[in-house]
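Sequential numbering from 0 applies to the sequence shown in numbering that gives the first Met the number 0.
Where is the CB? At the ideal position from N, CA and C, for every residue including glycine.
Written out below as structure tokens is the structure these notes cover.
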Amino acid sequence: MYYCGIDIAKHKHAVALLDEHGHAHKAVFMTENTQRGMDILLAELKPLEDVRIGLEATGHYWLNLYDVLTRNGYPVSVINPMQISAYRKSGLRKVKNDRTDAVWIADFLRITNLPVSNRDLPVLMQLRELTRFRFWLSEQIGDCKRKLLTILDRVFPEYETLFSNVFLTSSRALLQEVVSAQEFADFDLDELAELLATSSRRRFGLEKAKQIRQQAQHSIGVNFLTDAAHVEMRCLLAQVDLLEEQQLEVEKAVEGLMQQIPQHITSIPGVGAITGAAILAEIGDIHRFESPEKLVAYAGIDATVHQSGQFEAKQMHMSKRGSPYLRLGLWQAASMSIIHNEELKLYYQKKRSEGKPHRVAIGALCRKLLIRIYVILKENRPYQTTKLVPQHP
0 MYYCGIDIAK HKHAVALLDE HGHAHKAVFM TENTQRGMDI LLAELKPLED
50 VRIGLEATGH YWLNLYDVLT RNGYPVSVIN PMQISAYRKS GLRKVKNDRT
100 DAVWIADFLR ITNLPVSNRD LPVLMQLREL TRFRFWLSEQ IGDCKRKLLT
150 ILDRVFPEYE TLFSNVFLTS SRALLQEVVS AQEFADFDLD ELAELLATSS
200 RRRFGLEKAK QIRQQAQHSI GVNFLTDAAH VEMRCLLAQV DLLEEQQLEV
250 EKAVEGLMQQ IPQHITSIPG VGAITGAAIL AEIGDIHRFE SPEKLVAYAG
300 IDATVHQSGQ FEAKQMHMSK RGSPYLRLGL WQAASMSIIH NEELKLYYQK
350 KRSEGKPHRV AIGALCRKLL IRIYVILKEN RPYQTTKLVP QHP
């Protein structure tokens with residue numbers, strides 16, 4: 000058995016080959032991140048009858064190599080960089096040159112005998128791309144809406160008080176036509192009422208139009224910015240519409256991919272397909288994590304204790320290492336769980352009764368939820384409300 004460790008970089012990869020005793024089969028060599036470089040690597044691997052390959056999930060540069068190796072039938076283990084870092088610090092191998100990372104990876108693979116990465120990894124990687132892209136779209140939508148509100152603050156600051164949500168369909172329809180307080184004050188009342196009725200399915204009408212007119216007549220909005228506000232408002236509303244349409248398209252694609260893989264994460268009350276997909280995608284292959292604690296540390300929701308001399312802090316804080324997207328997904332899932340999941344709701348209420356602030360209680364709930372998710376994924380079984388603990392042979 001041979002163990003191949005590959006240290007990934009943007010332009011070149013370092014490759015180490017060890018035998019089953021940890022001895023170098025050949026010197027560490029470099030291969031370019033090109034088709035020619037891939038061909039050279041495959042030629043080096045071809046004479047080896049039995050070889051396992053390990054590489055770190057560093058950035059996105061490993062994806063091309065992973066695709067080539069798996070398509071050529073090689074068993075590949077994608078390794079959590081934190082595991083390699085911990086193994087390197089152990090100092091079990093005494094190596095000092097610049098190409099040792101590949102050796103550490105190969106030796107870690109040999110010592111731990113990690114399982115081959117999940118066959119669903121390509122789907123999970125697609126989910127990661129799409130859920131991160133959806134998060135980016137959400138940020139863009141939020142930015143556009145904040146800019147829109149800034150415009151209203153200048154030309155009609157009282158407008159926000161007229162609707163429970165400025166971005167309701169009826170409100171958007173108004174802002175496509177009228178923006179400043181002066182325009183609303185001069186707008187024909189019957190036309191305003193009809194526009195409201197049409198866009199709100201008759202929920203609003205003449206009374207709402209009168210209310211808007213009254214506020215506009217006593218507004219402190221800036222009149223001379225009206226023309227500029229019109230242009231900005233229409234552009235921003237169009238941008239929000241487009242981004243929201245794209246977000247729906249991404250969500251449909253995510254839901255389709257979720258149907259391609261066996262998963263039980265959505266069996267947890269409060270965890271829907273989109274949030275569940277984000278969490279699954281950021282975790283990747285669950286077999287990379289030897290214990291729930293390792294996954295908690297990877298997510299960056301493990302506690303850190305601040306200590307100096309004889310002083311040790313009374314409060315503990317999240318370490319916030321690992322994937323911020325995973326923490327975001329967990330936070331969203333935990334927030335929904337206190338509504339839809341009786342077990343986790345009781346846990347949240349317990350933390351609050353102990354005097355914990357909302358954010359601290361949700362943070363603790365994230366950790367508890369992630370441990371539940373670990374068991375569900377590791378043992379491939381649905382969520383259970385009682386005694387959901389790891390089963391050991």
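(message) According to DSSP, C3 sits in a beta bridge with which residue or residues?
(response) L16, I52
(request) Report yes if the CB atom of Y1 is closer than 8 angstroms to the CB atom of D49, and no otherwise. (result) yes
(message) When you compare the CB positions of Y73 and L113, do they come within less than 8 angstroms of one another, or not?
(response) no
(message) If I measure Cβ to Cβ from Y393 and keep anything under 7 angstroms in the same chain, skipping five residues before and after, which residues do I get?
(response) Within the shown structure, residues of the chain are numbered from 0 to 392, placing residue 393 beyond reach of any answer.
(request) Return helix, strand or coil for I282, following the three-state DSSP convention. (result) helix
(request) Consult DSSP for T274 and reduce its assignment to one of helix, strand or coil. (result) helix
(request) For the beta strand (DSSP E) containing I78, list its first residue and its last residue. (result) 75-78
(request) Count the other CB atoms, across all protein chains shown, that sit within 10 Å of the CB of K9; report buried if there are 16 or more and exposed otherwise. (result) exposed
(request) Return the chain-ordered list of same chain residues with a C-beta closer than 7 angstroms to the C-beta of R70, the five sequence neighbours on each side being excluded. (result) none
(request) Report all residues from its chain with a CB closer than 6 angstroms to the CB of Y400; omit the five preceding and five following residues, and keep chain order. (result) Residue coverage of the chain in this structure runs from 0 to 392, which leaves residue 400 outside it and unanswerable.
(message) Pull the bridge partners of K25 from the DSSP assignment, please.
(response) In DSSP, K25 forms a bridge with L16.
(request) Spell out the partners DSSP gives E31 in its beta bridges. (result) K11
(message) Buried or exposed for A215, going by 16 or more other Cβ atoms inside 10 Å?
(response) Buried, because 16 or more other Cβ atoms sit within 10 Å of the Cβ of A215.
(request) Inspect the beta-carbon positions of V165 and S116 and report whether they are closer than 8 angstroms. (result) no
(request) May I ask which residues mark the beginning and end of the alpha helix (DSSP H) holding E289? (result) Neither: E289 is in no alpha helix (DSSP H) and is coded neither H nor E.
(request) Report the three-state DSSP secondary structure of I361 (helix, strand or coil). (result) helix
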